[in-house]
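Asks: Here it is, the structure, as structure tokens.
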Amino acid sequence: MAQAIVIKNLRKEYGSKVAVKDISLRVEEGKIFSLLGVNGAGKTTTIRVLTGLSRPTDGEVRIFDKDLKSELQEIKKLCNLSPQETAIAPNLTVKENLEFIAEIYGFSRSKAIEKVRQIIEDFSLQEVEDNKAKTLSGGWQRRLSIAMALVTEPKLLFLDEPTLGLDVLARRELWRSIEKLKGRVTIVLTTHYMEEAESLSDSIAVMVKGEIKAQGSVEELKLQTGKDNLEDAFIAIAE
Amino acid sequence: MRSVIFCRRTIKELLRDPLNYIFCLGFPLVMLVIMTIVDRSIPKEAGMVLFHIQSLAPGIALFGLTFVMLFTCLQVSKDRAGAFLMRLYASPMQAIDFISGYTMPLMIISILQIAIAFVASIMIGRATGYVFQPVNVLLCILVLLPSALMFIAFGMFFGTLLNDKAAPGICSIIISAASMLGGVWMDVDAIGGTFGKVCRALPFYHGVNAARLALQGRYDDLGKPLLIILIYAITIYFVSAILFKWKMQSDLK
């Protein structure tokens, strides 16, 4: 199967601090890949590098067979990101936020309007579509922020702790939305919720202090550690 | 094209903030009315012409532009504070799209603000017996554009360097300096010594002076102050654009 991401010996240093230590991994196209780790493990730094928000200190990254260093602008057109913090334009309405992002990624006005109509339905945003983003509750803002990442029809989507701050119903609804993308969109997900990773992921990598300590499917990680569930397997790897 | 899309978003953000109407439009208009009342209260024998409407209008128009600086600064610093700009950094947008996307809407707002100040001034002029020459009004609006660009550049500069808590403090210093040392509220030409030299060394005096000369139709005297304010505006704009680009690159390290 074609590879969406190929990372070889990626290293990221901030001064004397090594945030990511020579990691290598591959993510297949159309799969959901989860990066797990405790706070400060290097997950967000890895995502920042992959999305062009940080420059790698060393190593090679290819996304859809394009080199991250020399073809970043081309890569950016194929990817989108939902950052850990809610990232919306506060004085724009829900609809305007979505149209704005769609057009920034090169959609024509008519295509953007059509795509926004569809994403509003997919994320059940109809009741708030004309509300200013700043007036929405935290949960609605989070949902909008994720919808903004999807409205551009990315081939590769980075979701950095997407369900943080969502109630259990909203979280389950978002899981369903993510599952629907399987096969069409490659997703890199970071999360602290083990049941989320277990439910959604095709493969998982566990990061500890900037290194990848284990990699594989949920079943493979359980087998590697001899544990019955992902949470116990994660603790065994992370400790 | 992306800069136009970003420009549309910025203009919506700005026009939907009621504070912008209060400070960018309301405050200069209130000052225009107050200073006209002050002018009417000064005896003719005092020979004070600074607050006559033909002298006051260009000064107030420039004073209004200082608030455009404040809101440029707040918009840039607020964008930088949240994750929204990070999302855009990960998009195909480039530094030039951001810089022009901030500049274009604020230039439009500046032109509208100057035009409104002149509409109000023309109405006051009619009430007080002064008739503005339309050609000179148009020329004065054009002459104020370099000042508008300069204040937008100041706003971008401080918005890039400061957060939205510190930005208003620094901007209020520039607002006070621009109006006092620029000669909006006092006759800088009558002041000599070090203070006068300081006023003439700064760009604000030349911005106000050029606008007044344009409105008075003194085209022969216009060249020098206009050239000075143009050089200041272009230099400060380039410095703030380079700073924004540098800061963007350093954020992406």
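Chains as they are written, first to last, in the working numbering: chain R, 4 to 242; chain V, 4 to 256.
All C-beta atoms in this analysis are idealised placements derived from N, C-alpha and C, irrespective of residue type, glycine included.
On the three-pair Cβ rule with 8 Å, is the stretch 43–57 of chain R touching the stretch 190–203 of chain R?
Replies: Segments in contact, yes.
Asks: Taking the Cβ atom as the reference point for each residue, do V/F9 and V/F74 lie within a distance shorter than 8 Å?
Replies: Residue numbering aside, residue 9 of chain V sits at position 6 when the second sequence is read from its first letter. Residue numbering aside, residue 74 of chain V sits at position 71 when the second sequence is read from its first letter. Their beta carbons are not under 8 Å apart, which means V/F9 does not touch V/F74 by this criterion.
Asks: Report yes or no: do three or more beta-carbon pairs, one from the stretch 172–192 of chain R and one from the stretch 11–22 of chain R, lie closer than 8 Å?
Replies: No: the two stretches stay apart, fewer than three of their Cβ pairs being nearer than 8 Å.
Asks: Against chain R, does V/A84 count as a neighbour if the rule is that its beta carbon must be under 8 Å from one of theirs?
Replies: Looking up residue 84 of chain V in the second sequence gives position 81. Closer than 8 Å: no.
Asks: For the candidate residues R/E164, R/R174, R/L172, R/Q121, whose alpha-carbon lies nearest to that of R/V154?
Replies: Along the first sequence, read from residue 1 onward, the residue named residue 154 of chain R stands at position 151. Closest option to R/V154, Cα to Cα, is R/Q121.
Asks: State the Cα-Cα distance for the pair V/L148 and V/V7, rounded to the nearest angstrom.
Replies: Here the question's residue 148 of chain V lines up with position 145 in the second sequence. Here the question's residue 7 of chain V lines up with position 4 in the second sequence. Roughly 20 Å between the two C-alpha positions.
Asks: Is the Cβ-Cβ distance between R/L177 and R/P165 less than 8 Å?
Replies: Residue mapping note: residue 177 of chain R aligns to position 174 of the first sequence, counting from 1. Residue mapping note: residue 165 of chain R aligns to position 162 of the first sequence, counting from 1. Yes, the pair counts as a contact, with Cβ atoms nearer than the cut-off.
Asks: Helix or strand or just coil, what does DSSP make of V/M51?
Replies: Taking the second sequence and counting its residues from 1, one reaches residue 51 of chain V at position 48. Residue state, collapsed to three classes: coil.
Asks: Hey, quick one: how far does the alpha helix (DSSP H) through R/M151 stretch, first residue to last?
Replies: Residue 151 of chain R sits at position 148 when you count from the first residue of the first sequence. From DSSP, the alpha helix (DSSP H) with R/M151 extends over 141–153.
Asks: Got a sec, what are the start and stop residues for the beta strand (DSSP E) R/M210 sits in?
Replies: Numbered from its first residue, the first sequence carries residue 210 of chain R at position 207. Per DSSP, R/M210 belongs to the beta strand (DSSP E) from 206–211.
Asks: Report the residue from R/M210, R/V97, R/K79, R/I35 whose alpha carbon sits nearest the alpha carbon of R/G55.
Replies: Counting from one through the first sequence, the residue named residue 55 of chain R turns up at place 52. Ranking R/M210, R/V97, R/K79, R/I35 by Cα distance to R/G55 puts R/K79 first.
Asks: Skipping 5 residues on each side, what residues in its chain have a beta carbon closer than 6 Å to that of V/N23?
Replies: Residue numbering aside, residue 23 of chain V sits at position 20 when the second sequence is read from its first letter. Answer for V/N23: L17, F74, listed in chain order.
Asks: Counting only beta-carbon separations shorter than 8 Å, does R/Q227 have a partner in chain V?
Replies: Here the question's residue 227 of chain R lines up with position 224 in the first sequence. No - not a single Cβ of chain V is within 8 Å of the one on R/Q227.
Asks: My output table needs one value for V/R5: the three-state DSSP class, helix, strand or coil.
Replies: The residue given as residue 5 of chain V occupies position 2 in the second sequence. The answer is helix: DSSP assigns V/R5 an H, G or I state.
Asks: Can you tell me where the alpha helix (DSSP H) holding R/E176 begins and where it ends?
Replies: Residue numbering aside, residue 176 of chain R sits at position 173 when the first sequence is read from its first letter. Here the alpha helix (DSSP H) through R/E176 covers 171–184.
Asks: Can you check whether the C-beta of R/N94 is within less than 8 Å of a C-beta belonging to chain V?
Replies: Start at 1 with the first residue of the first sequence, and residue 94 of chain R comes out as number 91. Chain V contact via Cβ: present.
Asks: Below 7 Å on C-beta distance, what does V/A8 contact in chain R?
Replies: As a position in the second sequence, residue 8 of chain V is number 5, starting the count at 1. The question names Ala, yet the displayed sequence has Ile at residue 8 of chain V. The contacting residues are F103, E106, I107.
Asks: Could you spell out where the alpha helix (DSSP H) holding R/V52 opens and where it closes?
Replies: The residue labelled residue 52 of chain R in the question sits at position 49 within the first sequence. Looking at the DSSP string, the run of the alpha helix (DSSP H) that includes R/V52 is 46–53.
Asks: Just the C-alpha distance for R/V3 and V/K200, rounded to the nearest angstrom, thanks.
Replies: Limits of chain R in this structure are 4 at one end and 242 at the other, which puts residue 3 of chain R out of reach.
Asks: In chain order, which continuous runs of the beta strand (DSSP E) of length 3 or greater are located wholly inside the stretch 45–122 of chain R?
Replies: The qualifying runs are 61–66, 82–85.
Asks: For V/Y105, which three-state DSSP category applies?
Replies: Numbered from 1 along the second sequence, position 102 holds the residue referred to as residue 105 of chain V. The answer is helix: DSSP assigns V/Y105 an H, G or I state.
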